[in-house]
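Chemist: Position 7 of the sequence shown, counted from 1, bears residue number 7 in the UniProt record's numbering, the numbering being contiguous throughout.
Backbone N, C-alpha and C fix where the C-beta goes; we use that ideal spot for every residue, glycine too.
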Amino acid sequence: MVNECRECVLDSEDVETSVNSQDDELTCLCIVKNTSGIHVRPAGAIVKLFDGEDCEVSFTYAGKTVNAKSIMSILILGAPQNGEIFVRIKGKDASRVMQKVQDAFDSGFGEL
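1. Within the same chain, show all residues whose beta-carbon is closer than 8 Å to that of V47, passing over the 5 residues directly before and after it, in chain order.
2. Between which two residues does the beta strand (DSSP E) harbouring K90 extend?
3. Which value, in whole angstroms, describes the spacing of the CA atoms of F50 and D93?
4. Looking only at its own chain, which residues have a Cβ that is under 8 Å from the Cβ of K64, when we skip the five neighbours before and after it?
5. Mark Y102 as exposed unless 16 or more other C-beta atoms lie within 10 angstroms of its C-beta, in which case mark it buried.
6. Indicate whether G83 and V40 have their beta-carbon atoms separated by less than 7 Å.
7. What would DSSP say about S95, mapped onto helix, strand or coil?
8. Over what stretch of residues does the alpha helix (DSSP H) that includes K33 continue unbroken?
9. Determine the burial state of R96: buried for a count of at least 16 other Cβ atoms within 10 Å of its Cβ, exposed for fewer.
10. Have a look at the DSSP bridge pairing and note the partners of S73.
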């Protein structure tokens, strides 16, 4: 099963979200649309997305991979506007959580 990582990629061709059905693992490349990049408010919004979710979530930016359930880890990435964040979600809730992540990036975390 392959889903498209639709609108979370800005000004690029569609990027496919790959799915490993054995481990319920999904990956996606998302682009930061916020003019100030990922700062405290968007990082907090990201962490709230994962409250109560049964999955592991990591973000990779500029060669650094962090636990996306930690606000400090997300801030350490220092992802600017148009930064490409590789999102990896593993667990039984991966599909639903990936949709939440895509929607959050698409909306600029409520700042657009």
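Modeler: The structure says:
1. Your numbering for residue 47 matches position 47 in the sequence shown. For V47, where only same-chain residues beyond five positions count, the Cβ hits under 8 Å are A68, K69, S70, I71, I74.
2. The sequence position of residue 90 within the sequence shown is 90, counting from 1. Here the beta strand (DSSP E) through K90 covers 84-91.
3. Taking the first residue of the sequence shown as position 1, residue 50 is located at position 50. Taking the first residue of the sequence shown as position 1, residue 93 is located at position 93. Cα-Cα distance, rounded: 10 Å.
4. Within the sequence shown, the letter at position 64 stands for residue 64. Excluding positions up to five away in sequence, the list reads I76, L77.
5. Within the sequence shown, the letter at position 102 stands for residue 102. Sequence inspection shows Gln at residue 102; the Tyr mentioned does not correspond to that position. With 16 or more Cβ atoms within 10 Å of its Cβ, Q102 is classed as buried.
6. Indexing the sequence shown from 1 puts residue 83 at position 83. Indexing the sequence shown from 1 puts residue 40 at position 40. Not closer than 7 Å, so no.
7. Against the sequence shown, residue 95 aligns to sequence position 95. S95 falls in the helix class under three-state DSSP.
8. For the purposes of this step, residue 33 is taken as the residue at position 33 of the sequence shown. First-last for K33: undefined, no H or E at that position.
9. For the purposes of this step, residue 96 is identified with residue 96 of the sequence shown, where counting begins at 1. Answer is exposed; the Cβ neighbour count stays below 16.
10. Taking the first residue of the sequence shown as position 1, residue 73 is located at position 73. Paired residues: none, contrary to the question.
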